[in-house]
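Scroll down for the structure; my scribbles are underneath it.
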Amino acid sequence: MCGIIGYCGHRPAVPLIVEGLHRLEYRGYDSSGVCFVQNGELKVVRAEGKLKLLEDKLARMEVSLATTGIGHTRWATHGAPTEDNAHPHRSSEGDLAIVHNGIFENYLECKRDLQDKGFSFSSQTDTEVLANLIADECRSAASLLEAFANALKKARGSYSVAMLSPREPNVVYAARHSCPLILGVGAGENFVASDIPAFLPYTREVVFLEDGEIARITPTSWEVFSLLDRAPLEKKTTRIEWDMQAAQKGGYKHFMLKEIFEQPQSISDCMSGRADFVNFSVNIAELEGMEKPARLRLIACGTSYHAGLWAQSLLEGLAGIPAVAEIASEFRYRNVPLEPGEVVLIISQSGETADTMAALRIAKEKGAKTIGICNVVGSSIAREADTVIFTQAGPEISVASTKAMAAQMTVLLLMALHWSKDEHPRREELRRILTGLADIPAALRDILPALQSEASKLAARFASCRGMFFLGRGQSYPLALEGALKVKELSYIHAEGYAAGEMKHGPIALIEPDFPSFVLLPNDGLYDKTRSNLEEVAARKGPIVALTCAGKSGPDIKGCETWLLPEAYGPLNSFLMLPALQLFSYEAAAFLGKDVDQPRNLAKSVTVE
Ligand code: M6R
Numbered sequence: 187m188c189g190i191i192g193y194c195g196h197r198p199a200v201p202l203i204v205e206g207l208h209r210l211e212y213r214g215y216d217s218s219g220v221c222f223v224q225n226g227e228l229k230v231v232r233a234e235g236k237l238k239l240l241e242d243k244l245a246r247m248e249v250s251l252a253t254t255g256i257g258h259t260r261w262a263t264h265g266a267p268t269e270d271n272a273h274p275h276r277s278s279e280g281d282l283a284i285v286h287n288g289i290f291e292n293y294l295e296c297k298r299d300l301q302d303k304g305f306s307f308s309s310q311t312d313t314e315v316l317a318n319l320i321a322d323e324c325r326s327a328a329s330l331l332e333a334f335a336n337a338l339k340k341a342r343g344s345y346s347v348a349m350l351s352p353r354e355p356n357v358v359y360a361a362r363h364s365c366p367l368i369l370g371v372g373a374g375e376n377f378v379a380s381d382i383p384a385f386l387p388y389t390r391e392v393v394f395l396e397d398g399e400i401a402r403i404t405p406t407s408w409e410v411f412s413l414l415d416r417a418p419l420e421k422k423t424t425r426i427e428w429d430m431q432a433a434q435k436g437g438y439k440h441f442m443l444k445e446i447f448e449q450p451q452s453i454s455d456c457m458s459g460r461a462d463f464v465n466f467s468v469n470i471a472e473l474e475g476m477e478k479p480a481r482l483r484l485i486a487c488g489t490s491y492h493a494g495l496w497a498q499s500l501l502e503g504l505a506g507i508p509a510v511a512e513i514a515s516e517f518r519y520r521n522v523p524l525e526p527g528e529v530v531l532i533i534s535q536s537g538e539t540a541d542t543m544a545a546l547r548i549a550k551e552k553g554a555k556t557i558g559i560c561n562v563v564g565s566s567i568a569r570e571a572d573t574v575i576f577t578q579a580g581p582e583i584s585v586a587s588t589k590a591m592a593a594q595m596t597v598l599l600l601m602a603l604h605w606s607k608d609e610h611p612r613r614e615e616l617r618r619i620l621t622g623l624a625d626i627p628a629a630l631r632d633i634l635p636a637l638q639s640e641a642s643k644l645a646a647r648f649a650s651c652r653g654m655f656f657l658g659r660g661q662s663y664p665l666a667l668e669g670a671l672k673v674k675e676l677s678y679i680h681a682e683g684y685a686a687g688e689m690k691h692g693p694i695a696l697i698e699p700d701f702p703s704f705v706l707l708p709n710d711g712l713y714d715k716t717r718s719n720l721e722e723v724a725a726r727k728g729p730i731v732a733l734t735c736a737g738k739s740g741p742d743i744k745g746c747e748t749w750l751l752p753e754a755y756g757p758l759n760s761f762l763m764l765p766a767l768q769l770f771s772y773e774a775a776a777f778l779g780k781d782v783d784q785p786r787n788l789a790k791s792v793t794v795e
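Reminder that position 282 of the sequence shown reads as 468 in this note's numbering, one-by-one numbering, no gaps.
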């Protein structure tokens with residue numbers, strides 16, 4: 187994780203870099219720093235904690251003369267989040283400084299060699315080792331570019347890195363391997379950053395760097411070279427069509443709340459051009475010409491994994507394709523035999539998650555056809571998957587993923603329908619689902635304010651509980667997992683998502699009066715089964731909140747209260763239950779005074795293992 191930015195231009199670099207770091211904070215926010223050349227000298231300013239603390243330090247300094255610089259916002263991997271470990275890191279002789287996102291795996295071995303050569307270290311980070319490795323290469327290389335490339339060739343692991351040196355005070359070098367890095371091409375100024383919003387107010391022209399590429403930017407030029415032999419590479423610029431408006435809070439208190447309320451739009455945008463509600467058909471252009479898969483393996487992490495698990499039964503039930511959802515970090519270390527005709531679906535909002543990316547590469551090595559379901563255009567997964575289907579949910583800034591999951595579910599449902607169209611017995615089902623799906627955005631828009639006010643009441647009552655369960659069966663089971671993940675992630679309350687039928691095999695022992703269960707109880711074929719599980723919880727005096735659309739009074743069990751939702755058709759109920767769960771976790775975190783958009787110990791994009 188971590189966010190990096192580099193700037194060369196005509197504006198004061200430091201405020202511009204700090205502003206960019208604010209837009210990268212979702213990638214990590216436990217410490218930050220900037221480095222710039224002023225009066226020929228390399229200056230590094232760093233602070234432990236939120237970016238505000240770095241800003242306070244900078245406000246007491248004269249920094250306005252520098253027009254070139256690099257900056258970093260950190261999510262600690264090696265060494266505690268202290269000022270000493272914060273980036274940028276200088277080489278021990280102070281002749282260059284770097285910022286780094288990723289993990290330099292063989293850093294200990296390199297550190298020992300460098301210590302033997304007289305280099306000293308003041309942090310516990312792998313990054314400082316890389317800075318000294320470059321400095322060591324400078325002793326024999328003919329140019330900074332050569333030293334940078336030679337050092338990176340020795341580094342194993344993943345990185346995006348940017349470097350500044352007073353030897354070339356108006357130049358920033360940058361390189362990537364398995365971590366995102368994008369060039370921004372402006373007029374009289376150029377940028378490098380981990381993500382586009384960092385420089386979007388200044389330019390929409392971007393160049394996506396690939397693994398094994400090095401960039402050299404000056405105020406008036408940008409060049410890309412191969413890391414291997416430093417040969418210049420031809421790269422094209424791409425114009426970004428979305429703007430900063432889409433990445434601002436727009437009057438909401440938090441990005442998370444804004445993004446929850448954007449779900450009706452995200453679902454509509456995701457269906458646009460794919461679902462035809464007049465002729466009741468679905469056509470996903472990206473899948474045209476592709477045979478229906480013999481088997482599907484859906485691989486993802488966190489919330490994206492829950493979306494995959496949710497879709498598993500739809501792909502089986504509607505399209506008749508055997509499907510299995512897997513956690514990427516588990517898949518990558520099992521030697522999974524992939525069958526001929528098996529297609530691997532890789533689901534990732536960011537398109538940069540390290541485990542998911544590794545799973546994609548393994549699936550490709552094993553000869554499987556891969557389909558990426560991504561939200562971020564130009565992301566690594568989007569570029570490496572054989573086929574990519576974009577969720578079109580718009581930028582998701584909050585660390586807690588919300589609208590991206592609704593969009594992933596929409597795409598996956600449409601894929602199931604796309605592959606079900608030749609199944610004649612399912613034509614009527616397709617018509618009913620599409621009719622219902624067309625109404626989901628409007629239905630959601632109507633109920634979101636009421637859901638928020640109910641969620642806020644429930645949060646005030648239950649936020650001080652010792653722990654809580656989220657229970658569901660069938661299609662509601664992945665949603666239960668997601669409800670629990672969100673509560674843990676945002677309010678730090680222990681929450682478990684469980685298959686309602688599994689409760690009696692152990693977890694029910696936790697039930698007592700201050701251990702509530704939130705139960706997902708749509709009016710489906712599993713209603714009675716789940717209801718029986720509620721009886722078991724009620725008998726042990728556990729408070730129950732049933733999210734249901736069945737009848738006005740809900741399951742009519744003593745001690746069970748009802749959170750009534752409008753009824754949708756079959757699997758579509760999930761689109762109404764999901765925001766209820768998201769809003770509950772949001773309100774619980776807000777009630778407890780937690781940092782909703784930047785929960786502790788987390789980062790938006792998990793680009794490390
Ligand atoms: O960008 P991705 O969808 O690959 O991210 C996967 C998870 O890191 C992510 O969904 C995470 O679980 C969220 N913070 C949950 O809200």
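Think of the CB as a built atom: it goes at the ideal place given N, C-alpha and C, for glycine as much as any other residue.
In DSSP terms, what residue i is bridged to
i	result
isoleucine 743	Bridge partners of isoleucine 743: none, in fact.
serine 193	The question names serine, but residue 193 in the sequence shown is tyrosine. DSSP output for tyrosine 193 lists Gly255 and Phe377 as bridge partner(s).
histidine 680	Gly653
tyrosine 359	Met349 and Arg402
proline 752	In the DSSP output, where bridge partners are listed per residue, proline 752 has none listed.
isoleucine 284	His275 and Met349
lysine 780	Bridge partners of lysine 780: none, in fact.
proline 418	Phe411
leucine 733	Leu706 and Trp749
valine 132	With the chain represented from 187 up to 795, any question about residue 132 goes unanswered, as that position is not in the structure.
glycine 214	Per DSSP, none; premise fails for glycine 214.
arginine 520	Paired residues: none, contrary to the question.
leucine 481	Going by the sequence as given, residue 481 is arginine instead of leucine. Bridge partners of arginine 481: Glu528.
isoleucine 513	Ala486
Heavy atom of the ligand M6R within 7 Å of residue i beta-carbon
i	result
leucine 788	yes
serine 217	no
glycine 280	no
cysteine 194	no
alanine 373	no
alanine 586	yes
alanine 486	yes
valine 792	yes
glutamate 675	yes
threonine 556	no
threonine 596	no
serine 515	no
leucine 671	yes
serine 771	no
serine 490	yes
glutamine 535	yes
threonine 542	yes
Closer than 8 Å to chain B by CB, residue i
i	result
leucine 751	In the displayed structure, chain B is absent; only one protein chain is listed.
Under 8 Å between C-beta atoms of residue i and residue j
i	j	result
alanine 384	glycine 206	yes
glutamine 301	histidine 264	no
phenylalanine 466	leucine 620	yes
cysteine 456	alanine 579	yes
alanine 774	isoleucine 679	yes
glutamine 498	alanine 480	no
alanine 590	glutamine 535	yes
alanine 732	leucine 707	yes
leucine 350	valine 358	yes
threonine 253	histidine 196	yes
phenylalanine 648	glycine 669	no
glycine 537	valine 562	yes
arginine 268	serine 218	The question names arginine, but residue 268 is threonine in the sequence shown. No, they are not a contact pair.
leucine 495	proline 757	no
leucine 319	arginine 402	no
proline 508	proline 627	no
tyrosine 212	lysine 236	no
glycine 683	alanine 666	yes
phenylalanine 377	glycine 564	no
aspartate 281	lysine 303	no
Counting only runs of 4+ residues fully inside the stretch 603-674, write out the alpha helix (DSSP H) ranges in chain order. 613-648
What residue ranges within the stretch 524-598 form continuous beta strand (DSSP E) runs of no fewer than 3 residues, ordered along the chain? 528-534, 555-560 and 573-576
Which complete alpha helix (DSSP H) runs does the stretch 217-266 hold, if anything under 4 residues is left out? 237-245
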